[in-house]
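Residue numbers (the numbering used here), protein chains in the order written: chain A, 1 to 257; chain B, 258 to 647; chain C, 648 to 962; chain D, 963 to 1240.
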Amino acid sequence: MILEVRDLAVRFGGVTAVGGVSFGVAAGTVTSLIGPNGAGKTTAFNVITGFQRPTAGGVMHDGTTITGWRPHRIAARGLVRTFQKTSLFPGLSVHENVLTGLHLRGRVGFVAALLRRGRVGAEERALDDEAERVIGFVGLGARRETLASALPYGEQRLLELAVALAARPRLLLLDEPGSGMTISEKSALAALIQRVRDDGITVFLVEHDMRLVMGISDRVLVLNYGRLIADGSVTEVQRDPEVIRAYLGTGATRERA
Amino acid sequence: MRRAAVALSLVVMVGLALIIPGAFAQQDPIKIGVIQPLSGSVAASGNYIRMGAEIARDWINGRGGVLGRQVQLLIEDNKSDPKEAATAAEKLIVKDKVPVIVGAWGSSMTLAAMPKLEEYGVPMVVETSSAASITKRGNPWVFRISPPSEMEALGLERYLKDLGVKKADFLAVNTDWGRGAVGAFGDILKKSGANVGLAEFMEQAATDMNAQITKVKAGNADTLFITTAVEQITLVLRQAQEQRLTRKIVTTGGSSAPSQLIKQAGPAAEGTYHILFFLPWFPEAMPDGKLAKAFVDEWNKRGHPFDGLTEGFRGHDGVLTAVEALKTAGKPDPKAVRDALWKVQLMGLNGPIKFEKDGPAGKESGQSKPSIFLVQIKDGKIALPAFAKK
Amino acid sequence: MRRSGSRIVVAASLVAAATAPAWVWNPYHLHTLIMAGIFAVLALSLNLLLGYTGQLSLGHAAFFGIGAYASGLLTVKLEWSPWIGLVVAIALPALAGWVIGRLALKIRGAYFVLLTISFAGVVSLVSVNWMELTNGPLGLPGVPPLELALPWLGEVSLRTKSAYYYVVVAAVALCYLVCLGLVRSRVGRALVALRENETLAESVGINVTHYLVLATVVSAAMAGLGGGLYAHYTRFVSPEVFLFTYTVTMVIMVVAGGKGTLAGPVLGAVLFTALPEVLRAATSWQWQMLLYGVLLVIVLFFLPQGIVPAVQRRR
Amino acid sequence: MLGATYSLLGIGLTLVFGLMNVVNFAHGEFYTLGAYATFAALVLGSVNFFLAIPIAIVVGAAAGALCDRVLLRPLRGASIDTVMLVMIGVWIAMQNAELLGWGGVAKNIPTPLPTQPLTAGPVSVAPLRLFVFVVSGLLILGAHLVLAKTKLGRAMRATFQDRETAALMGVSIDRIHTITFAFGAGLAAAAGALLGPVFLLYPSMGDLASLKAFSVVILGGLGNFAGAALGGLVLGIAEELGAGYISSGYRDAVGFIIIVVVLLLRPAGLFARAERVG
């Protein structure tokens, strides 16, 4: 298990967003976390990546407890996420976005930036090459100089993925990467996620699109009202009566996400 | 290339803007620089002084100017900011080549302009500033006609007994001027056997002085000395009346414009004493009664506010002093004017102006000894207290 | 091709800047240029925060003033060498910047603005009221000029305008290079990431606190250098150095010049130091500040991004 | 006493910020404008004192509407710093225009109210101050009612909550912005009209008012109406106490220190309820 979550609970005032959930994510897999709206999926992501403190419970990464760590430290361990709402550096070009994502791969600090121009130059060239590679990987090569805010929506989501990949994740947490994408964009995304996994990066996914989830997941976790109601392979979960009930019960509102 | 063109044109514009005005320097009239706060927190006073200076200029020009040439005042705004005062001095000296400057109102502004005087060797007639340090610093280009607080306090000394001051509190604006006055008057009081109570300060822009007045009220002094601009005195008097503070009140600094106080503070100003350097109500009581009368008439004729006279006279005296020095020097040359300033002996609106040496030996500044007057507001009118009549 | 055009302009302005004392025969104009240089340092400093990390400090006059007072007090009261004064004028504001940076951990946007305004307000009141230390409103006259002891030339006083001009130009160049070094590296990208999207920055491993504090410290240190240069140039320090107008002037220079660019603040500093002097020459005092305000509105109205980005866009 | 006028100033500023995301540095100038308008109506137009105050409010609101229409509307969508700087330009221009128009000499607004203080036991209050306090209180109440009860107020609150949704619901954002700005400017002018007779009129009088308004707004939380109203009172009282017990020279520091402390402990303002996260 690359990631283990134990008895995780998050409450806002009187509202329970996540109520005592435990699960693990196995290295080298694509694991999906699904569930109706308000089930606590994004909250779980926020806790894992350090953006939210849990009320109780803990998160372990490779055997180290990372509960309550600040997000940048968690990122430095290789847990990198994307966000539900498109989150980019809007005023920067695609290339600059990815370069910024490469932050953790550089070493140059304040002093070196001022005094050791030679080293900075060498590092910058290496980072440039790496950025080029990542941009190519997600297929945005033609958009290198375009401002992030000027990209069409689908490509913005790809760029988010590129920025996250640039941070050299070992575990990539994707929060609804396919939302708002066209069907063809989604199938390209599915292929891309599988290529990411083939590169040895574990993928942990929150997604509403069942076709996407069922097509690429090795394992599926189902959350409802802050509780884990199912955990298993795609086929196991699809047959689970409680899952079916949860989805039928809230099916009407689901599409609004 | 268009980027380059735009950038280049900007640079050219700035360059031209800097150079062109300098190219049209005229030779004809004799220029005198005037640096005053014409905007910002103390703009009112600065503008009165400008008005007084303009009257002096017009009179002098009406009499045929000086050295056969007309006098031109180059008026610069120091925006009540020392940096601007220094820049204005630099501009007047270097660009306009004035042989003498009148300025720069506040002490911090004068102090900031002073290094420029030394750098280029141009004298300045200081008309308002009261900080002792101005003439003690060893800047031989400074000639002050306004009294430092010490001198003003000395002037009051002879009235202390008649005023019946046994213990006094101070309420002063938190500036070089207010701080200086509290120190100087406190020393004189102690010297003459009176006690010094509280020293409270207020920010220049403050409008609500109730807290300070409450503190004063809690004490047991019989007199309150107030040092600040007339606007703030008005507020203090009004708020003191609201709090029913009963104290003998003496304002210092000479710019408290009692007639303005009567208008704006009404009964709250009744009975208060004011140290002044010019009495527009009694021009005939001034050292040069005829001159004073003429000045007051001219001031009124121009429609300037009467209340400004207690300040405006300084502009007149400053310009008059500068012109007298120019006349003695015989040429508009800064060094000659400086030497001539030492020989100046004239009767201004305030009284005789003659510079004595002050400051470290060899680098003395000039300090004239101004006359000091005391008035009281009585029955809604300005009166000379019986003991202060000559 | 276009690049070479802009390079020519840059090179020409550099040559012009380097030789200015030779052809600017009027010391008043040189004085204006020196003030422009000091303000260029300040504008570069503010730009680091405002333009790169996106945090607006409206208390920047505090760092400037602390620098001026630090150097002024050490040289006047303790008679230390002005050079040591200048070093302290950099170090002390840097320390203050560190404190502000740490305090501002969770504070952003308008709240950061107000925190910095308040900081400046408190420092300014201390300068007025702590008579024993600062002389209060009397100010500190007689700040010594910078002197340079060269082994083969003996003591060189930098009292003359042209000499001081070079000191200031060197300071501007230094600050420019510091900014350039930061901006063109991983550090600069981290700062920009703060401005663009702080949450995303954290999620890719950028230590937001570290970079915010770093930017505040460097920015404060530069502003302090500007303050020290100012103190030894005007040779007089008074509480007016904390006036809000100084901060406003810096912001005008940065935003009108083009925030987030390196040339913008410098160009802004030159233009907006020259503008009041141009107005001084062009109109009587009554109209100067009124026109200044109106011109400011007009510039922003037509070039809301600032001059330099507008010029860049058109190339 | 002064707290109530601080509240008036703060409410105007906080509304403009909350709704329009504009940091209005010219706020104090509308205060100055209100004071001078009262003076003009009273002394030059020989209008009754009690009529002069509403006139001043109308003048302030009209100037505010004009300012929004001409300067702010075209800049909608520009960055907050740019807009802020434009307002700084307006501030400088307005202040110097006032200097040009009225001269730097302080002016006094005469009032028909008696100057002798009213006494009730140990407490004595000047009638003018009581008048200022009561009218300010009424204006605050009025502003609250406008926001809470009228259709316009609902539209303003909807815009504050969610601009896009409000626009979808048929609210004209441009119109709401103009009205909000005019509303804020009118309240500032009212404060000026009320404090003018207490203090004196001079062109730079707005600077201090702006400072107080900002302190109030930060105390109450940016964009928080009730917070600004309470914040004004708290600041007024804190200043009195601060000046009474600490050195009077540090009086204005009290406001700053409160700001710093509040920012550090409760960045959302003293009276903000804890925000729900998530």
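A virtual CB, placed ideally from N, CA and C, is assigned to each residue, including glycine.
Pull up the distance between the alpha-carbon of residue i and that of residue j, whole angstroms please.
{"i": "W694(C)", "j": "D590(B)", "result": "It is Asn, not Trp, that sits at residue 694(C) in the sequence shown. Whole-angstrom Cα-Cα distance: 46 Å."}
{"i": "S866(C)", "j": "L1226(D)", "result": "22 Å"}
{"i": "V902(C)", "j": "F992(D)", "result": "25 Å"}
{"i": "L413(B)", "j": "I1180(D)", "result": "48 Å"}
{"i": "L922(C)", "j": "D315(B)", "result": "32 Å"}
{"i": "G756(C)", "j": "R836(C)", "result": "20 Å"}
{"i": "F482(B)", "j": "M308(B)", "result": "29 Å"}
{"i": "A369(B)", "j": "A342(B)", "result": "7 Å"}
{"i": "L494(B)", "j": "A690(C)", "result": "44 Å"}
{"i": "A669(C)", "j": "L909(C)", "result": "27 Å"}
{"i": "H573(B)", "j": "W556(B)", "result": "11 Å"}
{"i": "I604(C)", "j": "F883(C)", "result": "As shown, chain C starts at 648 and ends at 962. That puts residue 604(C) outside it, with no answer to give."}
{"i": "T100(A)", "j": "L661(C)", "result": "32 Å"}
{"i": "L455(B)", "j": "A1152(D)", "result": "37 Å"}
{"i": "G443(B)", "j": "G965(D)", "result": "35 Å"}
{"i": "T385(B)", "j": "W1064(D)", "result": "24 Å"}
{"i": "R504(B)", "j": "T484(B)", "result": "15 Å"}
{"i": "M466(B)", "j": "I899(C)", "result": "34 Å"}
{"i": "L583(B)", "j": "T722(C)", "result": "38 Å"}
{"i": "W727(C)", "j": "L1047(D)", "result": "40 Å"}
{"i": "P784(C)", "j": "S365(B)", "result": "8 Å"}
{"i": "N1058(D)", "j": "Q935(C)", "result": "9 Å"}
{"i": "A878(C)", "j": "A1129(D)", "result": "54 Å"}
Please decide whether residue i counts as near chain B, where near means a Cβ-Cβ distance under 8 Å.
{"i": "S1134(D)", "result": "no"}
{"i": "M936(C)", "result": "yes"}
{"i": "F1161(D)", "result": "yes"}
Tell me the residue span of the beta strand (DSSP E) that contains residue i.
{"i": "T508(B)", "result": "505-511"}
{"i": "H531(B)", "result": "530-533"}
{"i": "K611(B)", "result": "609-615"}
{"i": "I713(C)", "result": "Element bounds for I713(C): not the beta strand (DSSP E) but the alpha helix (DSSP H), 707-724."}
{"i": "K41(A)", "result": "Premise fails: K41(A) lies in the alpha helix (DSSP H), 41-48, not in any beta strand (DSSP E)."}
{"i": "I358(B)", "result": "358-360"}
Spell out whether any CB of chain D is found under 8 Å from the CB atom of residue i.
{"i": "I754(C)", "result": "yes"}
{"i": "L711(C)", "result": "Strictly speaking, residue 711(C) in this sequence is Phe, with Leu absent from that position. Chain D contact via Cβ: absent."}
{"i": "Y699(C)", "result": "no"}
{"i": "G915(C)", "result": "no"}
Can you confirm whether residue i, when its beta carbon is compared against all beta carbons of chain C, has any partner nearer than 8 Å?
{"i": "H61(A)", "result": "no"}
{"i": "A966(D)", "result": "no"}
{"i": "T49(A)", "result": "yes"}
{"i": "D433(B)", "result": "yes"}
{"i": "E347(B)", "result": "yes"}
{"i": "A369(B)", "result": "yes"}
Can you find a CB in chain F that lies within less than 8 Å of the CB of residue i?
{"i": "Y675(C)", "result": "Included in the structure are the protein chains A, B, C and D, with no chain F among them."}
From which residue to which residue does the alpha helix (DSSP H) around residue i run?
{"i": "F482(B)", "result": "Element bounds for F482(B): not the alpha helix (DSSP H) but the beta strand (DSSP E), 480-484."}
Stretch pair the stretch 941-953 of chain C + the stretch 1051-1061 of chain D: three plus CB contacts closer than 8 Å: yes
Cβ-based contacts, 8 Å cut-off: residues of the stretch 1169-1195 of chain D near chain B: D1169, L1170
Against chain C: residues of the stretch 1133-1154 of chain D by CB proximity under 7 Å: none
Residues of the stretch 712-730 of chain C whose Cβ lies closer than 9 Å to any Cβ of chain B, in chain order: none
The stretch 44-55 of chain A contacting the stretch 11-27 of chain A, beta-carbon criterion three pairs below 8 Å: yes
Interfacial residues, the stretch 1091-1121 of chain D to chain B, with Cβ spacing under 7 Å: none
Cβ-based contacts, 8 Å cut-off: residues of the stretch 518-546 of chain B near chain D: K520, Q521, G523, P524, A525
Contact list for the stretch 388-404 of chain B against chain C, Cβ threshold 8 Å: A388, S390, R394
Chain-ordered residues of the stretch 553-578 of chain B with a beta carbon less than 8 Å from chain D: P562, D564, G565
Residues of the stretch 977-998 of chain D whose Cβ lies closer than 7 Å to any Cβ of chain B, in chain order: none
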